Each structure stands twice: as structure tokens, then as C-alpha cells.
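Enquirer: Before anything else, here's the structure in question.
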Amino acid sequence: MPSNTKASRFFSLVDQREFAFCQSINRSLRFRPVQGYFQAVSRLGDGWLWYLVILAMPLIRPQNGMAIALLMVITGLTCTISYKLLKRWLIRERPFISFPSINCGTPPLDRYSFPSGHTLHAVCFNTVLAMTTPELAWLLLPFTLSVATSRVVLGLHYPSDVAAGALIGGSLGLVSVYTIGEPLSVLLAA
């Protein structure tokens, strides 16, 4: 797929501005506990923790947990489609590819960097939970923040990728709760 030249030029400028920050954060991988922690968080952020939360929702909230679980599944699929389309259209190389001095702390799930899909999903799911199950959202907030941080520490994303992922994910989570959350609850209650 041909690259979007305006986006490529823009990202090239932004990459240069974010490089020094990315490199300094990435240096923390020299410390084994830091690397191990962020690799584990990244792996759980691949979806595994969220799958467990979705499966547990009917047990956590017997009255409306099934509706929340279905809302998370629908929203998660929307997030996946959104970030995959954006990555294919905008085509931003990952920091460790553009700058060999940045180490790749764990293999990426796909090729391109913008936006961070891990952050997008984590913030989206945490937003859905904040609107439906706030006590669980508070418990998972440190994990969500760790997922976002892991993307830069592991050399997989620029801070702007993470910020965009958070903004898109939070927006999709809010839109989902307000547009399909209530109808889904009513449908399942019938």
C-alpha cells in the first residue's frame, strides 16, 4: 500500500522531535526488572487481561455483567478495526526501526506505530469500565497506565502514538457506552 506522503512528511518531523525522549526512556531496558515488568505488562496488554475481565463480568456484576461484557467485545472489535485502518493509512515506522539506537524490548504484533493499539484498547476498556463498573476501573487503572508506558519503554511507539491511542480509545469507549450500552442492557434484560 503506498504511503500517505503528507502523513509521512509530518511523522518524519515529529519522529525527530520525539527521538531523544524515546531514547532516554528506552535506556531503562538496561535494568532487568524494568524490562521484565514492561514485557509482562505488554504481553497482558495483547488482550489476555481484557479477555479475562470480559469473561468475568457476568460473575462480577450478575445483574448487568453480560451486557457489559458484550459491550466490551463490540467496542474492542471497533477499536481493532479503527487502529488497523489508521496504521495502514498513515504508515509510521516504529521508533526502533527508524532509530537503530532504540532497542526493541519485545516483538511487535504488527508493523506500524501510529496509533498505539495496546493503549487504544486499554484506555477504551478502562473508559467503558469507568462508566459501568467504576470500582473495577480504578483497580485496573495502574495496569492501563503501565500498558501505555510500556509502549514507549519497549521502543515500540513514540509518545504521540500513545497519546493518540489514548484519545481515540477513550473517545470510542465513551461513544460506545452512550450509543449502544443502554440499548444492549435493555435488550438483554428483556
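For what it's worth, numbering that gives the first Met the number 0 labels the leading residue of the sequence shown as 0, then goes sequentially. For glycine and all other residues, C-beta sits at the position ideal for the given N, C-alpha and C. As the structure is a prediction and not an experimental result, all values here were calculated from the model.
1) Give the DSSP-derived three-state secondary structure of Tyr36 in the structure shown.
2) Quick check on the DSSP output: the alpha helix (DSSP H) that includes Phe30 runs from which residue to which?
3) Verify whether the separation of the beta carbon atoms of Ser112 and Tyr157 is less than 8 Å.
4) Between Phe10 and the rest of its own chain, which residues show a CB-CB distance below 6 Å, the 5 nearest in sequence each way excluded?
5) Judging by CA-CA distance, which residue of Arg8, Ser7, Thr4, Gln15 is the nearest neighbour of Phe98?
6) Alpha carbon to alpha carbon, how far is Asn63 from Ser224? Give it in angstroms, no decimals.
7) At the level of alpha carbons, what is the spacing between Pro107 and Phe124?
8) Apart from the five residues on each side of it in sequence, which residues of its chain come closer than 8 Å, Cβ to Cβ, to Leu70?
9) Can you find the residues in the same chain that come closer than 8 Å, C-beta to C-beta, to Ala54, ignoring five residues on each side of it along the sequence?
10) Here's the rule I'm using: 16 or more other beta-carbon atoms within 10 Å means buried, otherwise exposed. How should Asp109 be labelled?
11) Just to check my reading of the structure: Gly154 and Pro94 have Cβ atoms closer than 8 Å, yes? What is that Cβ distance to the nearest angstrom?
12) Might you give, ordered along the chain, the residues of its own chain that have their beta carbon closer than 7 Å to the beta carbon of Met0, omitting 5 neighbours on each side?
13) I need the DSSP call for Tyr157, collapsed to helix, strand or coil.
14) To the nearest angstrom, how far is the alpha carbon of Arg29 from that of Met65?
15) What residue from Gly75, Ile96, Leu135, Asn102 has the CA that sits closest to Gly118's CA?
16) Does the beta-carbon distance from Ala165 to Ala136 come in below 8 Å?
17) Go through its chain and collect everything with a Cβ distance to Val33's Cβ below 6 Å, but skip five positions before and after it.
18) Given a cut-off of 8 Å on the beta-carbon distance, is the pair Asp160 and Ser115 in contact?
19) On the criterion of 16 or more Cβ atoms from any shown chain inside 10 Å, does Leu139 qualify as buried, or is it exposed?
Expert: So, from the data block:
1) helix
2) Where Phe30 is concerned, there is no enclosing alpha helix (DSSP H), given that its DSSP letter is neither H nor E.
3) yes
4) Arg91
5) Gln15
6) Absent from the structure is residue 224, since the part of the chain shown begins at 0 and ends at 189.
7) 21 Å
8) Val127, Thr131, Ser175, Val176, Ile179, Gly180, Leu183
9) The sequence shown places Leu at residue 54, not Ala. Answer for Leu54: Ala68, listed in chain order.
10) exposed
11) 5 Å
12) Low confidence applies to Met0: its pLDDT is 43, below 50, so where it sits in the model is not reliable enough to give any reading.
13) coil
14) 43 Å
15) Residue identity check: residue 118 is Thr in the sequence provided, not Gly. Cα-wise, what sits closest to Thr118 is Gly75.
16) no
17) Ser27
18) yes
19) buried
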